[in-house]
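Below is one structure, written out as structure tokens; the observations come after it.
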Amino acid sequence: MPSWSLSRRLILVLTGSLTGLWLLATLASTLVVYHEISEVFDSALQETAQRILPLALSELDHPRDDDDDDDDHERERSIGDGLSYREHEEHLVYQIRDRSGRVLLRSHDAQSSPFPIPLSSGFAAADGWRYYTETALDTNQFIQVAERLDSRIKTVTEILSWLIAPLLLLVPLAAGTIFWTVRRSLQTIGAVREAIVSRSGVNLNSIPDTDLPTELRPIVRDVNRLLERLARALENERDFAANSAHELRTPVAAALAQSQRLEVDLIDAPQQARAAQITSILRRLGKLVERLLQLARVDSGIALSREPLDLMPVLTLVIDEFSYAAGNRDRIRFDDRGHKTLTARTDRDAIGIALRNVIENALLYGAKNRPIEIWVDQARSIHVANEATVIETSRLAKLTQRFQRGEDGANGSGLGLAIADTIMQQSGGSLSLHSPAIGRDSGFEVVLHLQ
Amino acid sequence: MRILLIEDEPLLGQAVQEHIAADGHAVDRVGRLDQARAALLTVDYGLILLDLHLPDGRGLDLLRDLRRRGDTRAVIILTARDQINDRIEGLNAGADDYLVKPFDLNELSARVAAVSRRYGGNPNPLLCIGQIEIDTATHRVCRNGDQISLTRREWAILELLAHRAEALVSKARIEEALYAFGSEIESNTVEVHVSRLRKKLGREAIETIRGLGYRLGSG
């Protein structure tokens, strides 16, 4: 389903329906007005017919002297003939007709031919005119008063235009108000959205729900409950990984120590080789347990907490740890290249784990008796390089996947570089592998790019 | 050397005890902090092997108590906790070394030997580090055969480093040792004294482990 915008929908629907309803109301009022105006006009038409009819009848009964002329017998007349009136346009015209339909008398502007309607009392309409017919029952004569329908339509149109004209101003004004109100109300949603987006493994603080509209408050409360549960789950997972370290390491340590003692006890006995095998397996088990615990801690997002830290002590401590172990003293060469501090936003333990894995990897797979070089470059990245045969690019890319072991049959867990890679990603940095080592013809180099 | 092993896991404790004893040391084993405190009161141990997670408390508390009393006996921590923060905490509490379980008994032997070389029952321990000779009994220091005079504070620092030759001594630990002189410890007091010591003993004599502390160099 395509995404849609709440504000867009609200603005369009509200403005659209408001305009629609307004237009409907205008149309309804126009119809009512037209109806009322028609009544008034009709009433005026009727009244006029009833007032003129007696005058017209009396005019016909008592023709003026100058009209009493046989030559003019057939001439149509009108009321007030002979009186001088100013020429004017007639809105109302009339005809007095006899039963046969002949026009006996008409107003100036009335057509000379009979009106195109039958001689029956009441209202009628034809050819854009409205007619009213009144009958003088005693004389069998009719008056038909007519008025153009135009004038009614013109009046209604005028009223309609006065009703619609303000809308041209009011609709944009209303749309503007709706737009502003909706945008302003939805800004709160935007703020809540920003607050939710800013939550991550690093920041699981609850979102403040004061000053929120009642519609949003329950949502934010639910989100906060969810964040709380997530933080608790993450914390439990981290605690579990840290606590199980003790629970798992101690028995492995006991078994390893006992088996080493057994080896000593069985010196010169045929079973000694078997005891040595057990010791070797237990050593591997110990390493594997350590890696799996590291993996569990990394998967619980250990490196997500990002406090600005000086990593130089971590680097020196880890290097010191390896240098101190038998046989590595002269093999590990560290050059801080003048960097007194190495500040990055990460977790001390996580970087410690990453460094340990990378250095251990170098010790395990690097050419024996060749130095492991560690240095910090200008971009504050940590480089760990060892002598080794060049690794194909396709294999190199796979080395950061879980359970991918290097060649040479070394007893790696296949997890070291994967763990280091995940930690660097969680820290916002990255891990890059190079073979041959940068600027050389052979070797292997790991670069930890810090954020 | 007389060694106190504080370890509550019996199978591990037994194996460690046998192995160290086979190296020619006398090892007493206890599984609780209260037993350890009692043993420390009655016997003058040269080295303590300390597990951090004990049934009646934290091993680090015992270590801090020892250091607070001015006890400079060597302590090697044996622990299942391998986090950097734990290590730094152990170092600051005054541990000489830190071994993470599971460890190789031979590795432990090597570390015990290193410590015992420094302390090892020698009534007149003479340490030779490069061209520097330190006699911890008579408080005499020679460089190329010439005796060098040190102030009491400088000696206190050198002695601390000499007791843990090859091992890291945290700045906090040195500060603690200087508190014994009763004067104010400024933030750079340790640096000032170390710098003076370097002038007298040579630049290479003391190695700075940035952010962590110092170590007596190979000279």
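Protein chains in written order, with my numbering: chain A, 1056 to 1506; chain B, 513 to 731. Every residue, glycine too, gets a C-beta built ideally from N, C-alpha and C. As the structure is a computational prediction, the values presented were derived from the model and not from experiment.
* Quick one: what's got a C-beta closer than 7 Å to A:T1444's C-beta in the same chain, skipping five residues either side? -> By 1-based counting over the first sequence, the position of residue 1444 of chain A is 389. S1497, listed in sequence order.
* Would you call the CB atoms of B:I660 and B:V706 closer than 8 Å? -> Counting from 1 along the second sequence, the entry for residue 660 of chain B is found at position 148. Counting from 1 along the second sequence, the entry for residue 706 of chain B is found at position 194. Taking 8 Å as the Cβ cut-off, B:I660 and B:V706 do not qualify as a contacting pair.
* Backbone secondary structure at A:S1113 - three-state DSSP -> Position 58 of the first sequence holds residue 1113 of chain A. It is helical.
* Asked: Just by C-beta distance, which residues in the stretch 592-615 of chain B are closer than 9 Å to chain A?
  -> A592, R593, D594, Q595, I596, N597, D598, R599, I600, L603, D609, Y610, V612, K613, P614 and F615
* Residue environment, B:P614, which counts as buried when at least 16 other CB atoms sit within 10 Å -> Indexing the second sequence from 1 puts residue 614 of chain B at position 102. With 16 or more Cβ atoms within 10 Å of its Cβ, B:P614 is classed as buried.
* Asked: Does the beta-carbon of B:K683 have 16 or more other beta-carbons within 10 angstroms, so that it is buried, or is it exposed?
  -> Within the second sequence, residue 683 of chain B is the residue found at index 171, counting from 1. Buried, by the Cβ-count rule.
* According to the Cβ coordinates, are A:V1344 and A:L1303 closer than 8 Å? -> Translated into positions along the first sequence, residue 1344 of chain A becomes position 289. Translated into positions along the first sequence, residue 1303 of chain A becomes position 248. Contact: yes.
* Determine the DSSP secondary structure at A:T1334, reduced to helix, strand or coil. => Walking along the first sequence from the start, residue 1334 of chain A turns up at place 279. Note: A:T1334 maps to helix in three-state DSSP.
* Note down, in chain order, every chain B residue with its Cβ under 8 Å from the Cβ of A:G1341. => Here the question's residue 1341 of chain A lines up with position 286 in the first sequence. Those within 8 Å of A:G1341 in chain B are P614.
* Asked: So with Cβ pairs under 8 Å, would you call B:E698 a contact of chain A?
  -> Within the second sequence, residue 698 of chain B is the residue found at index 186, counting from 1. Not an interface residue.
* Start-to-end residues for the beta strand (DSSP E) that takes in A:L1397 -> Residue numbering aside, residue 1397 of chain A sits at position 342 when the first sequence is read from its first letter. Neither: A:L1397 is in no beta strand (DSSP E) and is coded neither H nor E.
* **alpha helix (DSSP H) segments (min. 4 residues) lying fully within the stretch 1338-1377 of chain A** => none
* Can you tell me which of the three DSSP states B:N634 falls into? => Within the second sequence, the letter at position 122 stands for residue 634 of chain B. Note on B:N634: pLDDT 48, under 50, position unreliable in the model; the coordinate value appears next. Correct three-state label for B:N634: coil.
* **8 Å Cβ cutoff met for B:I641 and B:L709** => On the second sequence, position 129 is the one that residue 641 of chain B refers to. On the second sequence, position 197 is the one that residue 709 of chain B refers to. Cβ atoms of B:I641 and B:L709: not closer than 8 Å.
* **A:E1428 versus A:D1375 - alpha carbon distance** => Your numbering for residue 1428 of chain A matches position 373 in the first sequence. Your numbering for residue 1375 of chain A matches position 320 in the first sequence. Going from the Cα of A:E1428 to the Cα of A:D1375 covers about 14 Å.
* Pick from B:E696, B:E645, B:H675 and B:S621: whose alpha carbon is nearest that of B:Q529? -> Mapped onto the second sequence, residue 529 of chain B falls at position 17. That would be B:S621, whose Cα lies nearest to the Cα of B:Q529.
* Near-chain C residues of the stretch 1281-1313 of chain A (beta-carbon distance less than 9 Å), N- to C-terminal order -> Included in the structure are the protein chains A and B, with no chain C among them.
* To do: Please state whether DSSP places A:H1128 in a helix, a strand or coil.
  => Within the first sequence, the letter at position 73 stands for residue 1128 of chain A. With a pLDDT of 47 at A:H1128, under the threshold of 50, the modelled position of that residue is not reliable, and no figure is offered here.
* Kindly list, in the order they appear in chain B, the residues whose Cβ is closer than 7 Å to that of A:M1367. => For this step, residue 1367 of chain A is matched to residue 312 along the first sequence. Those are R722 and G723, listed as they occur along chain B.
* Taking buried to mean at least 16 other C-beta atoms within 10 Å of its own C-beta, is B:Y691 buried or exposed? -> Residue mapping note: residue 691 of chain B aligns to position 179 of the second sequence, counting from 1. That one is exposed.
* **Where A:T1371 meets chain B, residues with beta-carbon distance less than 8 Å** => For this step, residue 1371 of chain A is matched to residue 316 along the first sequence. Going along chain B in sequence order, the residues near A:T1371 (Cβ under 8 Å) are I721, R722, G723 and L724.
* Asked: Is the beta carbon of A:V1413 sitting closer than 8 Å to the one on A:A1473?
  -> For the purposes of this step, residue 1413 of chain A is taken as residue 358 along the first sequence, with counting starting at 1. For the purposes of this step, residue 1473 of chain A is taken as residue 418 along the first sequence, with counting starting at 1. No. Outside cutoff.
* Who are A:E1202's beta bridge partners in DSSP? -> For this step, residue 1202 of chain A is matched to residue 147 along the first sequence. Partner(s): A:L1147 and A:R1185.
* B:N636 to B:R652, Cα distance in whole Å? -> Walking along the second sequence from the start, residue 636 of chain B turns up at place 124. Walking along the second sequence from the start, residue 652 of chain B turns up at place 140. Note on B:N636: pLDDT 47, under 50, position unreliable in the model; the coordinate value appears next. Distance between the alpha carbons of B:N636 and B:R652: 11 Å.
* **Span of the beta strand (DSSP E), counted from its first residue to its last, around B:G725** => Translated into positions along the second sequence, residue 725 of chain B becomes position 213. Looking at the DSSP string, the run of the beta strand (DSSP E) that includes B:G725 is G725 to L728.
* To do: Kindly indicate which three-state DSSP category B:D577 falls into: helix, strand or coil?
  => Locating residue 577 of chain B in the second sequence gives position 65, counting from the first residue. Correct three-state label for B:D577: helix.
* Asked: Mind pulling the chain B residues with CB within less than 8 Å of A:G1407?
  -> Within the first sequence, residue 1407 of chain A is the residue found at index 352, counting from 1. Correct list: Q595 and I596.
* To do: Assuming A:L1359 contacts A:S1299 (C-beta within less than 8 Å), just tell me the rounded distance between them.
  => Walking along the first sequence from the start, residue 1359 of chain A turns up at place 304. Walking along the first sequence from the start, residue 1299 of chain A turns up at place 244. Incorrect: roughly 20 Å between the Cβ atoms, too far for contact.
* To do: For B:T591, name the three-state secondary structure that DSSP assigns.
  => In the second sequence, the residue the question calls residue 591 of chain B occupies position 79. If DSSP states are grouped into helix, strand and coil, B:T591 belongs with the strands.
* Asked: By how many angstroms is the C-alpha of A:A1230 removed from the C-alpha of A:T1265?
  -> The residue given as residue 1265 of chain A occupies position 210 in the first sequence. The residue given as residue 1230 of chain A occupies position 175 in the first sequence. Their Cα atoms are separated by approximately 30 Å.
* Asked: With DSSP run on the structure shown, which of helix, strand or coil describes A:R1504?
  -> Translated into the one-based positions of the first sequence, residue 1504 of chain A becomes position 449. One point to set straight first is that residue 1504 of chain A is His, not Arg, in the sequence displayed. Here A:H1504 sits in strand by DSSP.
* To do: Could you check if A:Q1150 is buried or exposed, using at least 16 other CB atoms within 10 Å of its CB as the buried criterion?
  => Translated into positions along the first sequence, residue 1150 of chain A becomes position 95. Buried: at least 16 other Cβ atoms inside 10 Å.
* Where does B:R514 sit, in a helix, a strand or coil, going by DSSP? -> Here the question's residue 514 of chain B lines up with position 2 in the second sequence. Residue state, collapsed to three classes: strand.
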